[in-house]
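Q: Those sequence lines, one after another, are chains A and B. Using the UniProt record's numbering, read the first sequence as starting at 1 and increasing by one per residue. Using the UniProt record's numbering, read the second sequence as starting at 1 and increasing by one per residue. Backbone N, C-alpha and C fix where the C-beta goes; we use that ideal spot for every residue, glycine too. Mind having a look at this structure? Questions to follow.
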Amino acid sequence: MACEAMRGGGIIYAHPSHHDSDSTTHMTRGTSTTIESPPLTSNRWIGAPAQRWASHNLSRNPFGELTRQERIELAVVDVQAVAQFISQPRRAYQFIGECGRGKTTRMLAITRHIPDATYAYLPEDEPCPPIAAGSVVMIDEAQRMPRRIRQAVFASGLPLVLATHRNLSGPLRRAGYTVQTERIGLQLSDSLLQQILNQRIHASRRDTEASVPEISLADCRALIRRFGTDVRAMESYLYDIVQQQVNSHGKMRFIDHLG
Amino acid sequence: MAKCDLSITLDEPSGVYPGGGKITGTVKVHADADVKCKGLDVQSVWKTHGRGNVASGTVETVTLFTGQWTAGQSEEYRFELPIAEWPPSYHGNYLNIDHYIEARAKIPWAFDPKASVEFLMQPTCGPEIADAQASVSAKMGMIGWIFTSMIVFMVFGAILAGCAGFFVAGAQNPFIFFIVGGIVTFIGGFIAMKYYLPKFLLGEVHCELKSIRVSPGEQVNGELKLQPRKNVPINGVTMKFVGKEVCISGSGSNRTTHSNTFYETETVLEPAGVLKPGVAKHFPLSVPLPGDVPYSIDLNDNDIKWSVEVRVDIPRWPDWSKSFDITVVPSGKQAVATTPTRTETTVSPPADDESGLTFAETASHIWSSKDDKEQVEMLVDAVNGLNFDIEAFVERRLLYSGEDDPHVYKDGYAVWARYTDPPLPMVLYVPHDLADEFEQAGRDVWSGRGTVVGWDSRHRRLQVKLLSSTSAFPG
């Protein structure tokens, strides 16, 4: 019955990449090959998606995009001290660092401690979005705040958490704020990275009783050697690795191709 | 530790379920301790995972049980839930779409136990889905035409103003003529390279497809006609069929587009050789699409796109090429009605305030379409400018309400709020004379009158401009 339901097309498994040795002739870039499609009722096409993740006890690629709530739940950061610092008015805490180092993750994690905090992301080359009041106001890419809006926000006196590429302590102090600054990404230990990445893998686990492939400390050392402290770049790299290896029947190896 | 365990068993665990149908199964509960359950909810949902920002939708939620479980008690609860008609299950490289049955027991003062099981869904709809989308597009067409006209008018005005400024500045400093002349020559050269040089050799080229909508297993048909003006050596005439996953992750400056070509085939219409002058060439375009390819999908930041590109490859000369976007739709062999969200949420635009349409109805329609951006914008457009009696929970005041927001009253401010039922998020623009009333309302329910003025697509909020206390209840 299931096979009958598949007639006429519908659920398919698009083979992921050139690297997949099991792939069909669909990837024929630059040739005049005529595509020969597999049988429509092939069980391989129906079952493959579920099987490939299930065989590694995963429900999805652990390094894909997450919802905001998932990011909050999976953040491996200690923001207790930040939450303590900004518990009073006219206090501002700055995260300064390059992209992909965890500024936004830290801000989202603060909402675990302060649910009433508000968060606004200021996009590049676009109008400034609304900034809502809250017991703590968090502003991502705060260096993009136009002066007029910055003055309005600083005049509120509400506790602030800013993620910024530029030190804003001068204007903050002039507005009467006590400022504390933390520079992000200067150090990322092997063990912390292992915790961050394995947390994501465990969150994608299908059966909580069964084991999942894990990233070792040696893997993390290799990742740091290649990507420095850019965790986002590591996750992007690992997404492709998992996608390639999930079709294999062997053990998943995360750094096989890492130079 | 949870006080009870949940598990879900589907009646046909390995089945492929038809979209729009029903799915049945059992939720099993085993309590480790005495548990008071505020609601055992089970819902049918779909969700994307992969490279793109997550998109999801809930089809229906039902509460199976409310009450007390005692330690050691095991219970089973049957459920029957509708399945979404769209999007279909799909598993690719950057994009995956899965359908799930999720169960959750709401336990006071404890973690809510959850269970989830996925199932495969094949759409049973025919091309009606695409038709529905086309009708939405048609309704949006007039708005789009007006918008386009305004842009053309503004661009034309800007060009005129620029020309005037250019001559005034050039009269004062002739060097400006050289700079602008160089830029214009560069742009003109590029356009000539791209569009006119191929035509110089090939003459007028006509290329069209009979239909840009095709189902898996069908053929894309069309024709390419050309009549060269002189001897034209070519590397070939080709037609390329491409299927891509296009996913966007992040937002703003962190926005990254990931593109994965999962299907590509090239048909050689004419091999390398020479096209004779004055001899008309007709190339029938006909490419079969395999029967198992995925449909075109547009889920905000998660798309499956199909295109056909026809190219005349001319050595040492710019190529002539034309690209068509193709929509791959279900074959309609088991055609049924379109998606419920589209059919149930169609609202006839009321003519005026006396239409009898309440805000509760409006909010309900918008809420049920909240995952469909186009549908929501069409609904909001239909009720734009109408006054309603509104009840809202005030959530928080805005320190800054947006630079491009023309609705803020002078000396007024904006608040984020949500409607009582359904909890539709709103932006309320508060006039100065209602400020005190809002301060006193705190986070309680506020009642008053307001005009729908738009939709904040970024934050998915209905924009309502409140009428001041003097005009709220005239008479």
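What residues of chain A sit near B/Leu398, judged by a beta carbon separation below 8 Å?
A: In chain order: Pro130, Ile131, Ala132 and Ala133.
Q: Could you tell me which uninterrupted alpha helix (DSSP H) segments, each at least 4 residues in length, are contained entirely in the segment 443-473 of chain B, listed from first to last along the chain?
A: DSSP runs (the alpha helix (DSSP H)) wholly in the segment 443-473 of chain B: 469-472.
Q: What does A/Ala233 reach in chain B if we use C-beta pairs closer than 9 Å?
A: Within 9 Å Cβ-Cβ: nothing; A/Ala233 doesn't reach chain B, min ~11 Å.
Q: In chain order, what residues of the same chain lie with their CB nearer than 6 Å to the CB of B/Pro294, ignoring the 5 residues before and after it?
A: Excluding sequence neighbours, B/Pro294 sits near Tyr90 and Ile304.
Q: Using 8 Å as the cut-off, can you tell me whether the segment 255-274 of chain B makes contact with the segment 226-244 of chain B, which would need three or more C-beta pairs spanning the two stretches below that distance?
A: Judged by Cβ distances under 8 Å, the segment 255-274 of chain B makes contact with the segment 226-244 of chain B, as three or more pairs qualify.
Q: Can you tell me whether DSSP reads A/Leu74 as helix, strand or coil?
A: Looking at A/Leu74 - three-state DSSP - the assignment turns out to be helix.
Q: So, helix, strand or coil for B/Ile176, using DSSP?
A: Note: B/Ile176 maps to helix in three-state DSSP.
Q: What are the residues in the segment 238-252 of chain A lying within 8 Å of chain C by C-beta distance?
A: The structure shown contains no chain C; its protein chains are A and B.
Q: Measuring alpha carbon to alpha carbon, tell me which of A/Gly176, A/Gly250 and A/Asp190 ends up nearest A/Leu223.
A: The shortest C-alpha separation from A/Leu223 is found at A/Asp190.
Q: Could you tell me which residues DSSP puts in a beta bridge with B/Pro425?
A: Bridge partners of B/Pro425: B/Arg418.
Q: Buried or exposed for B/Phe119, please, with buried defined as at least 16 other CB atoms from any protein chain shown within 10 angstroms of its CB.
A: Flag for B/Phe119 reads buried.
Q: Please state whether the Cβ-Cβ distance between B/Trp455 and B/Val383 is less than 7 Å.
A: Not in contact: B/Trp455 and B/Val383 (Cβ atoms no closer than 7 Å).
Q: Any Cβ of chain B within less than 7 Å of the Cβ of A/Gly185?
A: It does not; no Cβ of chain B falls within 7 Å.
Q: For the segment 416-444 of chain B, which residues have a beta carbon sitting closer than 9 Å to at least one beta carbon of chain A?
A: If the cut-off is 9 Å between Cβ atoms, the segment 416-444 of chain B has Trp416 and Val427 near chain A.
Q: Compare the C-beta of A/Thr181 against all C-beta atoms of chain B and say whether one is closer than 7 Å.
A: Taking Cβ atoms only, chain B never reaches closer than 7 Å to A/Thr181, which makes this a no.
Q: Taking the alpha-carbon positions, what's the A/Ile201 to A/Leu66 distance?
A: About 12 Å.
Q: Going by CA-CA distance only, name the one from A/Arg206, A/Thr229 and A/Leu197 that's closest to A/Phe254.
A: A/Phe254 has its Cα closest to that of A/Leu197, out of A/Arg206, A/Thr229 and A/Leu197.
Q: Which one or two residues does DSSP pair with B/Val268 in a beta bridge?
A: For B/Val268, which the question treats as bridged, DSSP gives the partners B/Thr238.
Q: Would you identify the three-state DSSP class for A/Tyr119, choosing helix, strand or coil?
A: A/Tyr119 falls in the strand class under three-state DSSP.
Q: Tell me the DSSP bridge mates of A/Gly176?
A: According to DSSP, A/Gly176 bridges with nothing at all.
Q: According to DSSP, is A/Cys128 part of a helix, a strand, or is it coil?
A: Correct three-state label for A/Cys128: coil.
Q: Am I right that A/His56 and A/Met252 are in contact with their C-beta atoms under 8 Å? What's the rounded C-beta distance?
A: Their Cβ separation, rounded to whole angstroms, is 6 Å, which keeps A/His56 and A/Met252 in contact under 8 Å.
Q: Just to confirm, is the Cβ distance from residue 552 of chain B to B/Cys207 under 7 Å?
A: With chain B represented from 1 up to 475, any question about residue 552 of chain B goes unanswered, as that position is not in the structure.
Q: Looking at the secondary structure, which residues open and close the alpha helix (DSSP H) in which B/His206 lies?
A: Per DSSP, B/His206 belongs to no alpha helix (DSSP H); it is in the beta strand (DSSP E), His206 to Leu209.
Q: With 7 Å as the threshold, decide whether the Cβ of B/His49 is near any Cβ in chain A.
A: It does: the Cβ of B/His49 has a partner Cβ on chain A nearer than 7 Å.
Q: Are B/Gly50 and B/Asp301 touching if we call contact CB-CB under 7 Å?
A: Result no, Cβ atoms of B/Gly50 and B/Asp301 do not sit closer than 7 Å.
Q: Consider the Cβ of A/Ile149: report whether some Cβ of chain B lies at a distance smaller than 7 Å.
A: Closer than 7 Å: yes.
Q: Looking at the C-beta of A/Glu73, does it have a partner C-beta in chain B at a distance below 7 Å?
A: Judged by the 7 Å Cβ criterion, A/Glu73 is not in contact with chain B.
Q: Measure the C-alpha to C-alpha separation of B/Val16 and B/Ser7 and round it to an integer number of angstroms.
A: Taking the straight line joining both Cα atoms gives about 20 Å.
Q: Count the other CB atoms, across all protein chains shown, that sit within 10 Å of the CB of B/Val184; report buried if there are 16 or more and exposed otherwise.
A: With fewer than 16 other Cβ atoms within 10 Å, it is exposed.
Q: If we cut at 7 Å on Cβ distances, does B/Ser401 have a partner in chain A?
A: Judged by the 7 Å Cβ criterion, B/Ser401 is in contact with chain A.
Q: Measuring CA to CA, which of B/Phe438, B/Asp389, B/Leu424 and B/Ala360 is closest to B/Leu398?
A: Per the Cα distances, B/Phe438.
Q: For the segment 53-68 of chain A, list every residue whose C-beta sits within 8 Å of some C-beta in chain B, in sequence order.
A: Hits within the stretch, in order: Ser59, Arg60, Asn61, Gly64, Glu65, Leu66 and Thr67.
Q: Give a yes or no on contact between the segment 103-114 of chain B and the segment 81-90 of chain A, applying the rule of three or more CB pairs nearer than 8 Å.
A: No, they do not touch.
Q: Spell out whether any CB of chain B is found under 7 Å from the CB atom of A/Ala109.
A: By this cut-off, A/Ala109 is not an interface position.
Q: What in chain A is Cβ-close to B/Arg458, meaning under 7 Å?
A: Going along chain A in sequence order, the residues near B/Arg458 (Cβ under 7 Å) are Pro129.
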